[in-house]
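Numbering (full-length UniProt numbering), first residue to last: 1 to 356.
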């Protein structure tokens, strides 16, 4: 018997508990993807989020059971200072249908509503950029906030991947991965990490948190080298504005100029960890390393891997019990610092949004 349903936007004052219950009874059953209710709520109510819900038309009340939902995000294409990238990219971060109501068109209707919303929003944002762009993208997965950057790679998700392929999504040939390593006091004495740092120090490169005198150089590095990256360059001023410069780790040349930087976040309520789903589920004090970048003129000196190694040791000194590095496609780089794949890889897929 066909299910009679309607798709609508979730109002801002609606409870998210029913959505969390649906998530936990489906994707949350796949280890290690269970999410605490407070983290789930923060991901659903983040800025530029929009949720579409499917409810039964046979009992159209405010308490109607949720048959399925789609979570979408919008994010600025580039940094706040890049005038040519002020328009949006879109993201379908989650799409879930209750198992007992699948194969009745609910998923397709949610998918269509999410795509229509994102396509219209992205197109209307083209006027925000100069020169006006002619295209942008919608991601299957999300950047910031980030639950998954794509469809997880595993037998539990094979059917979902095929479902999206039938709806026009084209997946990359290789998976990206998440990484993790445990941390304790012994990490600061780890020989391999110290050797990487010593190699960079041989090029007169040093490492540390930015002081007031370093802020301008840090922001100039992000603007000059990473201004076109989505979400990345804005994370550094967000941390500074939050008074959390301790969550930034820099590489300095012999003259004291900033030649590299990474987010090395440990503050749970900070701008980085609040937009990532998984660190809070891994340990009591799980950190995150992200947005690792070295100036083009300083590459090949060992500064990049030493930046990660020294940041890892500093996080251990600060009391982190582990460190999470997500959405990695650079094979072997972080593994040199003891990081290993965490959970499943991800199949990434994007689709273009063109000017009409």
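Glycine is no exception: its CB is placed at the ideal position from the N, C-alpha and C atoms.
These numbers were taken from a predicted model, which means no experiment stands behind them.
Inter-residue CB distance, residue i and residue j (contact presumed, cutoff 8 Å)
| i | j | result |
| --- | --- | --- |
| residue 52 | residue 180 | Actually they do not touch by this definition, with Cβ atoms about 32 Å apart. |
| residue 66 | residue 29 | Actually they are not in contact, since the Cβ atoms of residue 66 and residue 29 sit about 17 Å apart, beyond 8 Å. |
| residue 202 | residue 242 | Not quite, the Cβ-Cβ distance comes to about 35 Å (not below 8 Å), so this is no contact. |
| residue 43 | residue 145 | 5 Å |
| residue 322 | residue 162 | Not really, about 34 Å apart at Cβ, beyond 8 Å. |
Burial state of residue i, where buried means 16 or more other Cβ atoms lie within 10 Å
| i | result |
| --- | --- |
| residue 45 | exposed |
| residue 216 | exposed |
| residue 346 | buried |
| residue 213 | exposed |
| residue 300 | exposed |
| residue 141 | buried |
| residue 192 | exposed |
| residue 208 | exposed |
| residue 228 | exposed |
| residue 326 | buried |
| residue 328 | buried |
| residue 302 | buried |
| residue 130 | exposed |
| residue 332 | exposed |
Residue i versus the options, residue with shortest Cα-Cα distance
| i | options | result |
| --- | --- | --- |
| residue 266 | 282, 256, 258 | 282 |
| residue 55 | 330, 128, 208, 6 | 6 |
| residue 358 | 154, 152, 69, 344 | With the chain represented from 1 up to 356, any question about residue 358 goes unanswered, as that position is not in the structure. |
| residue 293 | 342, 235, 48 | 235 |
| residue 126 | 87, 317, 148, 338 | 87 |
| residue 254 | 136, 204, 289 | 204 |
| residue 211 | 354, 250, 136 | 250 |
| residue 363 | 8, 25, 37, 218 | Within the shown structure, residues of the chain are numbered from 1 to 356, placing residue 363 beyond reach of any answer. |
| residue 50 | 135, 93, 275 | 93 |
Contacts around residue i, its chain only, beta-carbon distance under 7 Å, and the 5 residues preceding and following it disregarded
| i | result |
| --- | --- |
| residue 295 | 221, 225, 259, 260 |
| residue 188 | 313, 316, 317 |
Own chain residues within Cβ distance below 8 Å of residue i, not counting five before or after
| i | result |
| --- | --- |
| residue 95 | 68, 69, 70, 71, 107, 110, 111, 114 |
| residue 165 | 171 |
| residue 247 | 239, 263, 264, 265, 266, 267, 270, 272 |
| residue 160 | 151 |
| residue 168 | 351 |
| residue 364 | For residue 364 there is no data in the structure shown, the boundaries of the chain being 1 and 356. |
Any C-beta of chain D under 8 Å from that of residue i
| i | result |
| --- | --- |
| residue 266 | Absence of chain D from the displayed structure is noted, only one protein chain being present. |
Beta-carbon contacts of residue i that lie in its chain and below 6 Å, excluding the five residues immediately before and after
| i | result |
| --- | --- |
| residue 206 | 252 |
| residue 338 | 181 |
| residue 3 | 101, 104 |
| residue 279 | 273, 286, 288, 324 |
| residue 32 | 343 |
| residue 304 | 294 |
| residue 134 | 355 |
| residue 143 | 75, 230, 231 |
| residue 275 | 144, 145 |
| residue 18 | 66 |
Checklist entry - Should the segment 119-138 be regarded as contacting the segment 73-83, the criterion being three or more beta carbon pairs within less than 8 Å? => result yes
Item to check | Three-pair Cβ contact test at 8 Å for the segment 109-117 versus the segment 295-315 | outcome: no
Item to check | At least 3 beta-carbon pairs within less than 8 Å: the segment 151-166 vs the segment 335-352 | outcome: With a cut-off of 8 Å, the segment 335-352 and the segment 151-166 count as touching, because enough Cβ pairs lie within range.
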